[in-house]
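Numbering (the working numbering), first residue to last: 53 to 188.
C-beta: ideal position from N, C-alpha, C; glycine also.
As the structure is a computational prediction, the values presented were derived from the model and not from experiment.
Report on the following structure.
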Ligand SMILES: [Zn+2]
Ligand SMILES: [Zn+2]
């Protein structure tokens, strides 16, 4: 039995997978609304947030920007282009597991998770910069 909620959830999850490159909630909404014209923006946002809380999606918080969602659940990291906001995966050989232990030793807080986003310039923006400043 497929309830309306189940169909909504499946469509949202599918949209995150199809968009592939870490869409924001807004981008997911724009894709989902094509298939489910009656769905509200709030429903998409709420479902994404719930699925991230339940570990079905990864939420990537970007300081000063909208959260991004990732359907890849294995431990990996992200690099953010500080010019255009593009987000890309970084797969490191050894996940920095010790980072949490180290942080726990130094902090009075009981640390439960962490987010690590590298900042950089994507190849597209770098090429553009070179054109604008050929001397550098
Ligand atoms: Zn860029
Ligand atoms: Zn990712």
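List the residues that DSSP assigns as beta-bridge partners of residue 140. 131
Check whether residue 96 and residue 81 have beta carbons under 8 Å apart: yes
Rounded to a whole number of angstroms, what is the C-alpha to C-alpha distance between residue 120 and residue 78? 9 Å
Pop quiz: residue 63 and residue 118 are said to be a contact at Cβ under 8 Å. What is the actual Cβ separation, rounded to whole angstroms? Contact flag wrong, Cβ pair sits at about 20 Å.
Going by DSSP, what residues sit across from residue 74 in a beta bridge? Beta-bridge pairing links residue 74 to no other residue.
Boundaries of the beta strand (DSSP E) in which residue 90 is found, first to last residue: Note, residue 90: premise wrong, no beta strand (DSSP E); not H, not E.
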